[in-house]
Amino acid sequence: MNQNTSFQVKTILTVLALLSAFPAFARLNVVASLPDLAAIAMAIGGEHVEVFSLAKPQEDPHFVEAKPSLILKLSRADALIEGGAELESGWLPSLLDRCRNTRIASGAPGRISCSQSVRLLEIPTSLDRSKGDIHAAGNPHYLVDPENARRVAKQIGESFEALDPKNVVAYQANLKKFTTDLDTKLAEWAKLMQPLKGRELAAYHNSWLYFAGHFGFKIDIFLEPKPGVPPTPPHLAGVISRMKASGVKVIIVDPYLDRRTAETVAARSGAVVVDVAQFPGGIKGTENDYLKLMDKNVQAIAAALVK
Amino acid sequence: MKMNFSAVLVVGLVCSSAHSMAQAEPEVEKLKAAIHQLQVDFEKARQEHQEQLEALSRKVAELSSKGQSATTSPPPVSVVVSPTDSKWSPAKPISVARSGSSYMNISFDAIVDGGWSTASDPSRYLQLGDHDPIQRGFTLPNAEVALDGAVDPYFKGFANLLFKLDGNNETQVELEEAYLQTSSLPGNLQVRAGQFLAAFGRQNAQHPHQWSFVDSPIILARTLGPEGLRNPGAQISWLLPTPFYSEAILGVFDGSGGTAYSFRNGGEDGTMHGRTTQDRALSGAGDLLYVPRLATSFDITDQQTLLLGTSAAFGPNLTSPDSRSEIYGVDLYWKWKSATARQGFPFVAWQSEGLYQRFGAGGDGISGLPAESLRDWGFYSQVLWGFRERWVAALRGEYTAGNTGLLDATDLFRGERHRISPSLTFYPSEFSKIRLQYNRDDGASFGTDHSVWLQVEFLLGAHGSHQF
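One line per chain: the protein sequences are A and B, in this order.
All residue numbers for the first sequence refer to my numbering, where the first residue is 275 and numbers rise by one.
All residue numbers for the second sequence refer to my numbering, where the first residue is 18 and numbers rise by one.
Here it is as C-alpha cells:
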C-alpha cells in the first residue's frame with residue numbers, strides 16, 4: 275500500500291517535472307508572426323533554433339485567427355520575430371496580452387521587430403479610413419524586396435547572438451552564407467530582370483510595392499479600388515481599360531486573394547494571371563525557404579513579361 | 018503651461034476666498050495687490066513662452082530646409098518620419114498621432130437599432146438584455162469609448178465607458194469596465210483587478226459590438242442578468258503547463274447590485290422573485306461572489322479550432338440572511354476558416370452555451386411566499402456562416418425553462434420560452450456593419466411574438482484586437 279502510494283507520488287512528480295521542463299533542449303525557441311520571417315530565422319538559426327510561424331503560408335497576414343493554441347506557443351517562446359508596421363495589429367496584440375511571457379515583452383531582447391531595420395514606404399500624411407485599410411506606419415509588405423531581407427537577416431542574426439552567445443560563431447556563419455546566397459541570386463535576378471525594367475504590372479492588393487521598387491517595375495493598377503476593399507464591377511471595368519491603354523500584360527495575385535476575379539480581368543484585357551507569394555510555402559515547393567520563394571516569384575514574373 | 022495653469026488656479030482660489038471675506042477691507046486691499054502682482058508675473062511668463070516658441074519654430078524651419086537639400090542616401094535604419102511641411106494651412110489635413118507613438122488605443126463604437134415587434138413594449142418581456150433593441154422604432158443601446166494601453170512594464174490598463182439611451186431616450190452612463198492586468202507575473206499567472214466582465218462562459222465577457230446577434234441570449238439575461246455579470250473584484254488566471262491550451266481562472270467579486278443580478282442584488286423595486294430583499298454588509302469571505310472557470314482549446318486541423326469551457330458562480334442573495342445562488346455553465350466554440358481565406362472569409366463558426374441556475378429564495382412574511390429553490394436552465398446554439406467576403410448568414414435557436422415557483426404565473430421573466438433568430442450581416446469594412454435579424458418568440462406566458470431588427474454599427478479610432 276505504502277509502496278503503491280509512493281509510486282503514485284513519484285509518477286505525479288515525474289509528469290509535473292516533464293511538463294514544466296519545457297526548455298529541455300538548449301535550442302532557442304523562436305516564434306515568428308509570419309512565414310517569411312520564420313524562413314529567414316531558420317536560415318540564420320540553423321540547428322540551434324526551433325522556429326514556429328503563427329501565420330500559415332497561404333493565410334491572409336492581416337486576418338490570422340488568434341487561436342488559443344498560439345497563446346501557448348508565445349508563452350513558451352524565447353524570442354518573437356514580428357513584422358511590425360501594423361500588419362499583425364488585428365490579431366497579435368490580443369495573443370500577447372495573454373501569453374504572460376516577459377522574454378518577448380515590448381522592449382525585451384527577445385522581441386525582434388523587423389520593421390525597425392527597413393525603410394518603410396507610403397507613410398500616409400494623414401490617417402483617413404475613407405481611403406481604405408491604410409497602415410499608419412507605412413506599407414508593411416517590405417520583405418518582397420530582397421535587400422530588405424538582407425537587413426532583416428542581419429537584425430535577426432544580431433538578436434540571436436545576444437540571446438544565445440554560445441552559438442555566436444554559428445549564427446555569424448549562417449548569416450554570411452545567407453547573404454552570400456542572396457548576392458548570388460541577386461546577380462541572377464538582375465540579369466533576368468534588366469531588360470524588363472520600366473514595365474508595368476497590375477496587382478490585386480498593394481503588397482508588391484517594395485518588389486516593384488527593387489526591380490524597377492511600375493505597379494499602379496490595383497484590382498482593389500482601395501486597400502482592403504473588394505473589387506467592384508465599375509472599378510474592374512476601369513482597370514481593364516487602363517490595362518489595355520497602357521499595355522499591361524501581367525496581373526500578380528497572392529494565394530489568399532480572389533484568383534477568379536483576376537482571371538476575368540486578365541481574359542478581358544489580354545493579360546495573364548501570375549501566382550506570386552510573399553510567404554515561403556505560399557507557392558508549392560518553397561516551404562521555409564525565402565530565396566527559393568523569391569526565385570519562383572522572379573522567374574514567374576519574368577517569364578510572363580517576356581512572352 | 019504648467020505655470021499658467023497654477024496662476025489661474027491661484028487667481029480662482031483667491032477670488033473665491035476674497036468673496037467670502039468681503040467685510041475685511043484691508044485684507045481685500047492686500048489681495049488686490051497680490052492679484053496685480055500675479056497678473057504682471059503671468060504676462061511676463063506668457064511673453065517669455067512666446068519668444069521661446071518663435072525661436073523654436075525658426076530653428077525647425079531652418080533644419081527642415083537643410084534636411085531637404087541634404088543628399089538622399091537611404092538610411093539603413095529608418096523609423097516613421099513625419100511629413101516635413103513646415104507650415105500648416107487649413108487646406109491640409111491634420112495628421113493624427115500614429116499608432117505606437119500614442120500611449121493608448123482610443124476608440125468609439127456605437128450601435129443603433131431600429132425595428133418593429135408585435136409586442137407593444139418589447140423590453141417588458143421579450144428583450145431582456147440591457148443592450149438589446151428594447152422598443153419599437155429606434156434605439157441606441159450601446160455607444161462605448163474603449164481605452165487600452167500599457168500602464169508601465171508591469172500592467173496593462175483597460176477601460177470601457179458606456180453610454181446608452183433608455184426607454185425615454187435619456188442618456189445613461191455606465192463605467193462598464195475599468196481594470197488593470199498584470200503583464201509580467203512569473204509562473205504563467207495573470208492577475209486582473211478593477212471592474213470587469215466576469216469570465217463566465219463565452220458571451221458574457223464580450224462587448225455588445227462583438228455579439229453575433231442584436232440581442233443577448235435569453236438564458237444569459239435570466240441568470241447572469243440583463244447587464245451581464247460584471248462587478249468590482251479581482252481575478253487570477255493560470256496558463257496550465259499542458260501540451261494544449263488550457264487556462265484556469267478564478268474571479269472574486271463584490272457581488273452586489275444589478276450587475277451581479279442573481280446575487281446581492283436588491284432588485285429594482287426592492288424585491289427579487291417576489292421576495293422583499295434585505296440589504297446587508299459582507300459578514301465574511303463567504304459572502305463574496307466566486308466565479309471559477311476552466312477553458313481548453315485544440316486545433317483539430319490547421320483550419321479548425323475547438324474551444325471548450327466550464328464555468329460556475331457562487332454567492333449569497335438578499336432574499337433572506339442565509340440565501341445563496343449558484344450558476345453552472347458549459348460552453349463550446351468551434352470555428353473553421355478556409356486555408357486561403359481573404360479578410361477572414363469564408364468561415365463557419367458554431368457557438369453554444371448551456372446554463373443552470375439554482376436561486377435559493379428565502380421565505381417572505383409580507384408576500385407569504387415560502388422559502389424555495391427556483392431553478393432555471395436553458396441553452397442557445399448559433400451557427401455563423403461567412404459565405405462570401407463581408408457577408409455572414411447566421412441562425413440561433415434558444416430554449417429556456419425552469420421549475421414553477423408559486424409566483425410564476427405572473428413572473429414574465431421566468432417560465433418556458435423558446436426563440437429562433439435568423440440574421441444576415443454585411444460588413445462594408447472591419448469598422449462598420451449592417452445587420453438584419455428576425456426573432457420568433459414563443460413563451461408559455463405570452464404566446465407568440467414576431468420582431469424584426471435592423472442594426473448598424475460604426476467604430477472610430479484604434480481598437481484593441483479581439484480574442485478568439
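Beta carbons: idealized from backbone N, C-alpha and C, even for Gly.
Every value quoted in this text rests on a predicted model; they were computed, and no experiment measured them.
| Check | Outcome |
| --- | --- |
| Would you call valine 443 of chain A buried or exposed, if buried means 16 or more other Cβ atoms sit within 10 Å of its Cβ? | exposed |
| When burial is assigned at 16 or more other CB atoms within 10 Å of the CB, is asparagine 186 of chain B buried or exposed? | exposed |
| Can you find the residues in the same chain that come closer than 7 Å, C-beta to C-beta, to alanine 536 of chain A, ignoring five residues on each side of it along the sequence? | Tyr478, Leu497, Ile525, Val527, Val547 |
| Am I right that glycine 412 of chain A and alanine 329 of chain A are in contact with their C-beta atoms under 8 Å? What's the rounded C-beta distance? | Actually they are not in contact, since the Cβ atoms of glycine 412 of chain A and alanine 329 of chain A sit about 20 Å apart, beyond 8 Å. |
| Apart from the five residues just before and just after glycine 131 of chain B, which ones in its own chain have a Cβ nearer than 6 Å to its Cβ? | Phe155, Leu471 |
| Would you check if the region 227-247 of chain B and the region 263-280 of chain B touch, i.e. whether three or more CB-CB distances between them fall below 8 Å? | yes |
| Please state whether DSSP places tryptophan 365 of chain A in a helix, a strand or coil. | coil |
| Closer than 8 Å by beta-carbon distance: list the chain A residues that pair up with histidine 483 of chain B, in chain order. | Ala340, Ser368 |
| Let's test the definition: count the other Cβ atoms within 10 Å of the Cβ of lysine 47 of chain B and tell me whether it reaches 16, buried, or not, exposed. | exposed |
| Under 9 Å, Cβ to Cβ, is there at least one residue of chain A near aspartate 316 of chain B? | yes |
| Could you tell me the distance, in whole angstroms, from the CA atom of glycine 472 of chain A to the CA atom of leucine 466 of chain A? | 14 Å |
| So, with DSSP's three-state summary, where would you put proline 363 of chain B? | strand |
| Based on the DSSP secondary-structure assignment, which residues constitute the bridge partners of arginine 653 of chain A? | Outside the displayed span of chain A (275 to 581) sits residue 653 of chain A, for which this structure offers no information. |
| What's the gap between the Cα of aspartate 232 of chain B and the Cα of asparagine 303 of chain A? | 44 Å |
| How long is the line joining the alpha carbons of valine 96 of chain B and leucine 394 of chain A, rounded to whole angstroms? | Only weak support exists for where valine 96 of chain B lies, its pLDDT of 37 falling under 50; the coordinates are left without a value. |
| If I follow the unbroken beta strand (DSSP E) through arginine 281 of chain B, where does it start and stop? | Careful: arginine 281 of chain B lies outside any beta strand (DSSP E) and carries neither H nor E. |
| Who are the Cβ neighbours of arginine 359 of chain B in its own chain at under 8 Å, not counting the five residues just before and after it? | Glu406 |
| What is the DSSP secondary structure of isoleucine 52 of chain B, reduced to helix, strand or coil? | helix |
| Is any beta-carbon of chain A found at less than 9 Å from that of tyrosine 196 of chain B? | no |
| Strictly under 9 Å for the Cβ-Cβ distance: is proline 420 of chain A near chain B by that measure? | no |
| Using the three-state DSSP reduction, which class does leucine 307 of chain B fall into: helix, strand or coil? | The sequence given here has tyrosine at residue 307 of chain B, not leucine. Reduced to three states, the DSSP call for tyrosine 307 of chain B is strand. |
| Which residues, in chain order, does the region 405-422 of chain B contribute to contact with chain A at a C-beta distance below 8 Å? | Glu406, Arg407 |
| Quick check: what's the CA-CA separation for proline 150 of chain B versus leucine 344 of chain A? | 36 Å |
| Using 8 Å as the cut-off, can you tell me whether the region 221-228 of chain B makes contact with the region 390-408 of chain A, which would need three or more C-beta pairs spanning the two stretches below that distance? | no |
| Pick from A:Val418, A:Leu370, A:Cys373: whose alpha carbon is nearest that of leucine 565 of chain A? | A:Val418 |
| Based on Cα-Cα distance, which residue from B:Met121, B:Arg219, B:Phe331, B:Thr318 lies nearest to alanine 487 of chain B? | Within the shown structure, residues of chain B are numbered from 18 to 485, placing residue 487 of chain B beyond reach of any answer. |
| So which residues on chain A does alanine 358 of chain B lean against when the C-beta distance must stay under 8 Å? | Glu333, Asp334, Phe337, Tyr530 |
| Give the single residue among B:Asp316, B:Asp126, B:Trp133 whose Cα lies nearest to the Cα of tryptophan 353 of chain B. | B:Asp316 |
| Nearest chain B C-beta to glutamate 499 of chain A closer than 9 Å, yes or no? | Note that residue 499 of chain A corresponds to proline in the displayed sequence, not to glutamate. False, the Cβ-Cβ gap to chain B never drops below 9 Å. |
| Mapping the DSSP letters down to three states, classify phenylalanine 213 of chain B as helix, strand or coil. | strand |
| With burial defined as no fewer than 16 other Cβ atoms inside 10 Å of the residue's Cβ, what is the status of aspartate 339 of chain B: buried or exposed? | exposed |
| Comparing alpha-carbon positions, which option in B:Ala216, B:Phe364, B:Pro439, B:Gln295 lies nearest isoleucine 383 of chain B? | B:Gln295 |
| Kindly indicate which three-state DSSP category serine 437 of chain B falls into: helix, strand or coil? | In the sequence on display, residue 437 of chain B carries isoleucine and not serine. It is a strand residue. |
| So which residues of chain B does alanine 574 of chain A contact, with C-beta pairs closer than 8 Å? | None at all; the shortest Cβ gap to chain B is about 18 Å. |
| Counting only beta-carbon atoms, is threonine 156 of chain B nearer than 9 Å to chain E? | In the displayed structure, chain E is absent; the protein chains listed are A and B. |
| Taking Cβ positions only, does glutamine 85 of chain B come closer than 9 Å to chain A? | Since pLDDT at glutamine 85 of chain B reaches only 41, below the 50 mark, its modelled position is unreliable, and the value read off the structure follows with that caveat. Glutamine 85 of chain B does not count as touching chain A. |
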